[in-house]
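As C-alpha cells, the structure follows; a few thoughts come after it.
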Amino acid sequence: MSDKTYPPSDAFAKNAHIDAAAYDKMYAASIKDPDAFWSEHAQNLDWIEPFTKVKNASFEMGNVDIRWFEDGVLNVAANCIDRHLKTRGDQTAIIWEPDDLETPALHITYNELHEKVCRMANVLLSQGIMRGDRVVIYLPMIPEAAYAMLACARIGAVHSIVFAGFSPDALANRINNSGAKVVITADEAPRGGRKTALKSNTDAALLHCDDKVRCLVVKHTGGQTTWIDGRDIDVKAQMEHASPDCPARPMNAEDPLFILYTSGSTGQPKGVVHSSAGYLLYAGLTHRYVFDYHDGDVFWCTADVGWVTGHSYIIYGPLANGATTLMFEGVPTYPDASRFWQVCEKHKVNQFYTAPTAIRALMGQGKEFVEKCDLSDLKVLGTVGEPINPEAWNWYNDVVGKGTRPIVDTWWQTETGGHLMTPLPGATPTKPGSCTTPFFGIEPVILDPQTGEEQTETEASGVLCIKSSWPGQMRTVYGDHERFEKTYFSDYKGYYFTGDGCRRDADGYYWITGRVDDVINVSGHRMGTAEVESALVAHADVAEAAVVGYPHDIKGQGIYAYVTLMNGVEPTDELRKDLEKWVRTEIGPIAKPDLIQWAPGLPKTRSGKIMRRILRKIAENDHATLGDTSTLADPSVVDDLIENRMNRK
Ligand code: 6R9
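Quick note on UniProt numbering: the sequence shown kicks off at 1 and runs consecutively.
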C-alpha cells in the first residue's frame, strides 16, 4: 500500500464547505456533545412538529434500541421536494440519461417531480396502500423509480427496492418477507442494449406470493407482456387520471422509511430498516460535505437505486439538499467504454461517484476513452463499495481527475445509511487506498478479534466497530429484532460490529482490509457465501457445496465454488454450465460462480465443520501456506483439491 499523501489544493479548500480547521473543530464538537451537534444540523430539515429529544440509543445486547429525534414529526418527501418549490421549482431535480443514445435525456424540474410523485402517491392510495404498508419496487433506473420511492415516503408507506438483476425467486422471497401489498415493476429493463423481462420475472415471482398482491406496471419499452386483469395495473395510465396533489403525511421521525435486503454471513438476506428523520439528515449532510456539493452543481452517482448507495446518493441525500442529481439507466461500456465520460461531458457533471470495479474495468480499456471527452466541469471524484487498490486510485486521479480533483474514498454499509469514514475534499489529505478519517459524530474503534479489547495505540489492526450511534444507523432487521442484536451487537459487547477488518496507521488513517465474516464482495455487490451454497445444494445433482471468494482483477473478488456431486453423477462441462445457470435463476446473474471445482470431498473437522480457511487458500492459489491440517477428519481430500484447483496462475 502506498503512503504518499495528496493534500487538497489551497484553492479548493478556500471554497469548500469544510476546510481542515473546520473539520477538526466540528469533529471534536460532534463527539463531545452529539446532542448539540445533531440538533443544530437537524434544523436543516423541515419539521412539522419540532423534536425535543435528540439521541436516545443503547447498544446493550438484549436491549438494543436506537432512536433519534423521537418526538419530531416530518415528511421525507416534503423535505426532498415541497420545501424547494418556492426557491427552485424550475430547477432540474433529476437528469435522466437513458441506456441508448437515441432516446433523449430528460430534465425533470422540482415542480414536475412534485406533480409526478403526487400522482403516483394517489395511485398507491387508490390501491388501498396505507401508512406503514410495504411496497416492493422492482424497476430499471428510470424516473418512475424515484417517483415510486418518494410517493411511498409521501404517504408513509415503506418501500423495499429489489435490484432489477435479481431473479424471480429472490423477488418472491423479498415480497413475502416484507409482506408487501404491491409490487411496482416495468415491462422491460434495457441495459447495455439488452433487455431484461422484468414483468415476466414478476409474474414468475407472484406465483409464490399471496393472490392479493397487486402489480403496478410501468410501460417503459412497450415490450409485450402478459396481463392479468384485476391484478396488473398500468401505472402511467393511472397517473394521468390521478390528482396532481397529494398531501404529505406527517410521519414520526422514527417511522421506517424503507427496508433494503442485504447479505450477511448466515441465512437469508436481512431486511435492513432505516428511519425517516435520522436517515434523511445523515444522507443529506454527508452528501453536502463529502462531495462538497454547492447550489447549481450537477451530481452523479452511478450506482443502481437497488443498492443503498442509490438510495442515499441518487435520491435522498441530493434531493434533501435541493441538488440536481443524475440518474443513468445504462452501463459504463455501452455503446463503448467512453460512456461515463461522455455523460459527464454532456451534462457538465461536477461530482462523480462510482465503484472501484468500474474504474478497474475502464482502466483496462485504455485512457483514450477518457481523454477524448471534456471533463473540465469535474470537481470531486468519489468511490465506494470495496477497498480501492492504489493502481486504480492513481488512474482515477491522473487520467480522470488530471491530478487536480480530490478523491473521496467513502467507507460505509447498507446498515450505516451514509458514509462513516471518508475524506472531506477540502479538508483531508488523501492516501490511495485509505478511507482516511471518520465523518462527524462517528467513533470508530479497532478491537482485538479474540479478546475484544479496544486497541488504543494509534497504529493498530483488528476488527472495526463503532462505539456510539449516529442518526443514519439502521434501526432493526425487519421482523426480527433479535437477529439485529445478534448480528451486530453480540460478538463485541457494547459496540456496533461492522464485519470489516481494519488497520489504523501512524497518522490515524483507517485502511479497510475486507470482510472478516463469510460475506464476499463481487464488483461491489455484497453476497453471503451461504446464499450461493444453498442455491447450489438445491440442485438435484449436488450433494454438498462450499463457496469462498478469491482475488479477481476486475471484480475485486470472484466466486469460487467447491461442489460435491451426488453419487453416480458425472462431472461434465455441461453440468458446470447448468449449475452456473441454476445459480443465476435462483439468485440472479451477480451470484453466478466464476469457478466451479468438482470436489470428491470437502475438508472438514471431526465435528463436521467445513474448514473454509483451507478452501480460501486453495482458491487464492496460495496452498503452500495452508497451515495446520491435522484437525481434519480426512487430510487426504486436501491433496485432491490442490491437484485439481481451478485458479492456477
Ligand atoms: C455502501 C456499500 C458494505 C461493505 C463494507 C465493506 C465494503 C464499502 C468501502 C468498502 C473498503 C470502501 N466497502 N465501501 N471497503 N473501502 N470505501 O457498499 O454498502 O453493499 O452494504 O457493502 O462493502 O466491506 O462492509 P454494502
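Note that the Cβ used here is the ideal one computed from N, Cα and C, for glycine as well.
ask   = Helix, strand or coil: which one does DSSP assign to residue 177?
value = The sequence position of residue 177 within the sequence shown is 177, counting from 1. Residue 177 carries a helical assignment under DSSP once its states are collapsed to helix, strand and coil.
key: residue 107, DSSP secondary structure in three states   = Taking the first residue of the sequence shown as position 1, residue 107 is located at position 107. Shown here, residue 107 sits in a strand according to DSSP, grouped into three states.
ask   = Taking just the CA atoms, how far does residue 355 sit from residue 240?
value = Counting from one through the sequence shown, the residue named residue 240 turns up at place 240. Counting from one through the sequence shown, the residue named residue 355 turns up at place 355. In a straight line, the C-alpha of residue 240 is about 37 Å away from that of residue 355.
query = Three or more beta-carbon pairs under 8 Å between the segment 82-92 and the segment 53-73, yes or no?
reply = Verdict: no, contact absent.
inquiry  = Using CA atoms only, rank isn't needed, just tell me which of 497, 210, 403, 191 is closest to residue 7.
reply    = On the sequence shown, position 7 is the one that residue 7 refers to. With distances taken between Cα atoms, residue 7 lies closest to 403.
request  = Given a cut-off of 8 Å, decide if residue 470 and residue 442 are closer than it, judged by their beta-carbon atoms.
outcome  = Locating residue 442 in the sequence shown gives position 442, where the first residue counts as 1. Locating residue 470 in the sequence shown gives position 470, where the first residue counts as 1. Against a cut-off of 8 Å, the Cβ pair of residue 470 and residue 442 comes out as a contact.
request  = Could you tell me whether the Cβ of residue 275 comes closer than 8 Å to any Cβ of chain D?
outcome  = No chain D appears in the structure shown, which is made up of a single protein chain.
query = In whole angstroms, what separates the C-alpha of residue 243 from that of residue 497?
reply = The residue labelled residue 243 in the question sits at position 243 within the sequence shown. The residue labelled residue 497 in the question sits at position 497 within the sequence shown. So the two alpha carbons sit approximately 46 Å from each other.
inquiry  = Distance check for residue 486 and residue 492, CA to CA, integer angstroms please.
reply    = Reading the sequence shown from its first residue, position 492 is the one you call residue 492. Reading the sequence shown from its first residue, position 486 is the one you call residue 486. The straight-line gap from Cα to Cα measures roughly 10 Å.
message = Rounded to whole angstroms, what is the Cα-Cα separation between residue 300 and residue 636?
response = Within the sequence shown, the letter at position 300 stands for residue 300. Within the sequence shown, the letter at position 636 stands for residue 636. Residue 300 and residue 636 have their C-alpha atoms spaced approximately 53 Å apart.
task = Inspect the beta-carbon positions of residue 290 and residue 206 and report whether they are closer than 8 Å.
result = Position 290 of the sequence shown, counted from the start, is the residue given in the question as residue 290. Position 206 of the sequence shown, counted from the start, is the residue given in the question as residue 206. Note that the C-beta distance between residue 290 and residue 206 is not below 8 Å.
message = So within the segment 117-164, which uninterrupted beta strand (DSSP E) runs reach at least 3 residues, ignoring any that extend past its ends?
response = Within the segment 117-164, the complete beta strand (DSSP E) runs of at least 3 residues are 134-138, 158-161.
key: Cα-Cα separation, residue 218 to residue 328   = Working through the sequence shown from its first residue, we reach residue 218 at position 218. Working through the sequence shown from its first residue, we reach residue 328 at position 328. Distance from the CA of residue 218 to the CA of residue 328, rounded to the nearest whole angstrom, comes to 17 Å.
task = Using three-state DSSP, classify residue 2 as helix, strand or coil.
result = For the purposes of this step, residue 2 is taken as residue 2 along the sequence shown, with counting starting at 1. For residue 2, the predicted structure reports a pLDDT of 46, less than 50, and the residue's modelled location is therefore unreliable. A value from the coordinates is still provided. Residue 2 carries a coil assignment under DSSP once its states are collapsed to helix, strand and coil.
request  = Per DSSP, which residues does residue 646 bridge with? Please list them.
outcome  = For the purposes of this step, residue 646 is taken as residue 646 along the sequence shown, with counting starting at 1. Answer is none; residue 646 lacks a bridge partner.
ask   = Can the beta-carbon of residue 68 be found closer than 8 Å to that of residue 278?
value = Locating residue 68 in the sequence shown gives position 68, where the first residue counts as 1. Locating residue 278 in the sequence shown gives position 278, where the first residue counts as 1. Yes, the Cβ-Cβ distance between residue 68 and residue 278 is below 8 Å.
task = Give every residue of the same chain whose Cβ lies closer than 8 Å to the Cβ of residue 444, excluding the five residues on either side of it in the sequence, and list them in chain order.
result = Working through the sequence shown from its first residue, we reach residue 444 at position 444. Take residue 444, set aside five residues on each side of it, and the residues of its chain with a beta-carbon closer than 8 Å to its own are 420, 421, 438, 464, 465, 466, 467, 502, 510, in chain order.
request  = At 3 residues or longer, and completely inside the segment 455-532: list those beta strand (DSSP E) runs for me, N to C.
outcome  = Entirely contained in the segment 455-532, the beta strand (DSSP E) runs reaching 3 residues are, in chain order, 460-466, 496-504, 510-515, 519-522, 525-528.
query = Taking the Cβ atom as the reference point for each residue, do residue 452 and residue 282 lie within a distance shorter than 8 Å?
reply = Residue mapping note: residue 452 aligns to position 452 of the sequence shown, counting from 1. Residue mapping note: residue 282 aligns to position 282 of the sequence shown, counting from 1. The answer is no: Cβ separation not under 8 Å.
inquiry  = Ignoring anything shorter than 4 residues, give me the alpha helix (DSSP H) runs that lie fully in the UniProt domain "AMP-binding enzyme C-terminal" (531-609), in order along the chain.
reply    = Fully enclosed alpha helix (DSSP H) runs of 4 or longer: 573-586.
inquiry  = Does the beta-carbon of residue 446, which I'm using as the reference point, lie nearer than 7 Å to any heavy atom of the ligand 6R9?
reply    = As a position in the sequence shown, residue 446 is number 446, starting the count at 1. No, the beta carbon of residue 446 sits no closer than 7 Å to any heavy atom of the ligand 6R9.
task = Output the distance between the C-alpha atoms of residue 484 and residue 306, rounded to the nearest integer angstrom.
result = For this step, residue 484 is matched to residue 484 along the sequence shown. For this step, residue 306 is matched to residue 306 along the sequence shown. Distance between the alpha carbons of residue 484 and residue 306 is about 21 Å.
Buried/exposed call for residue 537, threshold 16 Cβ in 10 Å = The count along the sequence shown starts at 1 and reaches residue 537 at position 537. Label assigned to residue 537: exposed.
query = DSSP state of residue 239, grouped into three classes?
reply = Within the sequence shown, residue 239 is the residue found at index 239, counting from 1. In this structure, DSSP gives residue 239 a helical state, which the three-state scheme calls helix.
query = If we call anything under 8 Å between Cβ atoms a contact, is residue 558 one with residue 166?
reply = Here the question's residue 558 lines up with position 558 in the sequence shown. Here the question's residue 166 lines up with position 166 in the sequence shown. It is not a contact, given that the beta carbons lie outside the stated cut-off.
ask   = Just reading off the beta strand (DSSP E) that residue 191 is part of, what are its end residues?
value = Sequence index remark: in the sequence shown, residue 191 carries index 191 (1-based). 189-191 is the span of the beta strand (DSSP E), which, as asked, contains residue 191.
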